[in-house]
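Chains as they are written, first to last, in this note's numbering: chain A, 1 to 324; chain B, 1001 to 1272.
Structure below.
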């Protein structure tokens, strides 16, 4: 397992192509809850218009990092700049330009879809007329146009999530922060949400997304950090991370009764991971690795050759799977 | 489906015409407008029923067998006390479950704090709303009392701000307590051990002199006694300005203390 000192990952400051100041910049950023270290000195820069991800298992420190960026939680140490300002002193001014989609919805379930947008827009002191115009567009965007007058409570999880995103956009923020936007949604609802986020990305909105789904990170993020136990384990684009921390292909093997002949697989691939239900062999050529397995007289229950994913990156960095 | 989001990422100038506290107050109005019918009925019916049952029903018995209470007929004695006691109840109920809901159940406070609003704005907006509710309660009570013929002095108008102050004295500390709770069990305890005994024993229904001597200082130490005392003096037009001043100082002091405590505990709960 490779290890990097966090400071070498992000410094010198990441510059956007135009050389502008990053939208978010963190150095040695930390969050402590009494004895617990939730975020342990992380460094990163998020450029304007970028879609930046925090990938990691539950408890990796993603949400704590997110809440600090959203100026809802004070940092314990380090420096943090958001939109060129200091969250410790300019919280309200920064939040005026941020849209937050929290992990748990904070919608008012007794009120209608439209009223939720109206009330939220009023917190930003936007004129009623402006909110109404935007609400109409945003509800179309979130495919909730038909439900504007309905109460929120009976809406599906996916609809509530889309409403939360529409609500976060009511102030036309420069930075949209999404904390696990699709956790708990069915595949169809996830894909609709991804499509909407992809549109926002194309409009040039800077997105910050946390997720423990590697497919989500691969789909949506230009660059991402892999977080584990409050630290940044790696930073880069999905393709870069796969190239750096994994092989091109992976051979997955399952065995009768789950008993893998681990010793007899040695030397076939660059690296092997033994999981409870399968063995992963990392190799640039999965088919050749499988031939070698067969040539050694090993007979797996089934086999699968696939491309490496961020899940493999995470496994290689931490020795654990993302969702357990 | 097409959307017109071309203004995205532009630095929109955000107006700041309305102070943040009032934006929070506006939220409370917004949600109240959805339930105002039932709420208004309750707040109008309660004084009518209390005054009819306690004042007229029980009062006619008392007047017949005991004569006057504190030199007035019982209805006039009990009415201002009920005004203060109702202020306490309204303030307490608005500071328990709604605060818990905004922290844990609906999480409204977290929605607010993701916007330019700060904890102090959220808190002052909450107290502003409680104040509105208290004004409505006190004015309704005073109106019903006038209809029952129990208002004996123009000073009675001052019972409205006194009712508000009595309520705020409770709202501050109870909101602060609510911000420390993980569930609503503590509220039942507050009602049982705090509000109901105060309601019954703070001079609302009978003069403190009827209580055993050792309980006088206890009753005198409670906030409701001062609200009841002050309201009664004003409504009956028999003001002892020295004790009135002490009542007011007590209520203002407790309100301020509650506000400071709530500010501290709200911040501790909401900003971690």
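Even glycine gets a Cβ: it sits at the ideal position worked out from N, Cα and C.
Per DSSP, reduced to three states, the secondary structure at residue 311(A) is helical. Between residue 1148(B) and residue 1234(B), the beta carbon gap of about 17 Å keeps them out of contact (Cβ cut-off 8 Å). Residue 80(A) is not a Cβ neighbour of residue 97(A), given a cutoff of 9 Å. Within the same chain, and ignoring the five residues on either side of residue 1167(B) in sequence, the residues whose Cβ sits closer than 7 Å to its Cβ are 1087, 1088, 1090, 1091, 1130, 1134.
Cβ-Cβ distances below 6 Å link residue 189(A) to 158 in the same chain, with the five nearest sequence neighbours on each side left out; the list follows chain order.
Flagged as an interface residue toward chain B: residue 91(A), by a C-beta distance shorter than 9 Å. For residue 298(A), the secondary structure class from DSSP, reduced to helix, strand or coil, is coil. Under the three-pair Cβ rule at 8 Å, the segment 18-34 of chain A does not count as touching the segment 189-198 of chain A. Counting of Cβ neighbours within 10 angstroms places residue 1138(B) among the buried residues, the total reaching 16 or more. Under the Cβ distance rule, residue 55(A) does not count among the residues neighbouring chain B, no pair being separated by less than 9 Å. Take residue 1251(B), set aside five residues on each side of it, and the residues of its chain with a beta-carbon closer than 7 Å to its own are 1165, 1166, 1169, 1223, 1226, 1227, in chain order. From the beta-carbon of residue 74(A), the residues of chain B found nearer than 8 Å are 1271.
Between residue 1245(B) and residue 1174(B), the beta carbon gap of about 25 Å keeps them out of contact (Cβ cut-off 8 Å). For residue 111(A), the chain B residues whose C-beta falls within less than 9 Å of its own C-beta are 1030, 1031, 1034, listed in chain order. Assigned with DSSP and collapsed to three states, residue 256(A) falls in helix. Taking a cut-off of 8 Å on C-beta distances, the segment 278-298 of chain A touches the segment 236-252 of chain A, as three or more cross pairs fall below it.
The segment 50-68 of chain A and the segment 217-234 of chain A touch, with no fewer than 3 CB-CB distances between them shorter than 8 Å.
In this structure, the beta-carbon distance from residue 167(A) to residue 198(A) does not fall below 9 Å.
Straight-line spacing of the CA atoms in residue 103(A) and residue 136(A) works out to 25 Å. Going by DSSP, residue 1140(B) is part of the alpha helix (DSSP H) stretching over 1119-1147. Counting C-beta atoms within 10 angstroms of its own C-beta, residue 1049(B) has fewer than 16 neighbours from the protein chains shown and is therefore classed as exposed. Considering only 1113(B), 1177(B), 1064(B), the residue with the shortest C-alpha distance to residue 1191(B) is 1177(B). Just measuring C-alpha positions, the residue of 69(A), 114(A), 295(A), 280(A) sitting nearest residue 42(A) is 69(A). By the Cβ neighbour-count rule, residue 1122(B) is buried, with 16 or more other Cβ atoms within 10 Å of its own.
The contact set of residue 1263(B) on chain A, defined by CB atoms closer than 7 Å, is empty, because the minimum CB distance reaches about 16 Å.
For residue 261(A), the nearest beta carbon of chain B is not closer than 9 Å to its own beta carbon.
At a Cβ-Cβ threshold of 9 Å, residue 321(A) and residue 311(A) count as neighbours. Residue 41(A): member of the beta strand (DSSP E) spanning 36-46, first to last residue. Within the same chain, and ignoring the five residues on either side of residue 1028(B) in sequence, the residues whose Cβ sits closer than 6 Å to its Cβ are 1129.
Annotated three-state conformation of residue 228(A) is strand, per DSSP. In the DSSP annotation of this structure, the continuous segment of the alpha helix (DSSP H) that includes residue 1074(B) starts and ends at 1074-1100.
One alpha carbon belongs to residue 127(A), the other to residue 1140(B), and they sit about 33 Å apart. Bounds of the beta strand (DSSP E) holding residue 179(A) are 175-179. Around residue 160(A), the same chain offers 105, 107, 152 as residues with beta carbons nearer than 7 Å, after the five sequence neighbours per side are excluded.
Listed by position along chain A, the residues whose Cβ is nearer than 8 Å to that of residue 1115(B) are 95, 96, 120, 123, 124, 171.
Residue contact with chain A for residue 1106(B): present (Cβ-Cβ distance below 9 Å to some residue of chain A).
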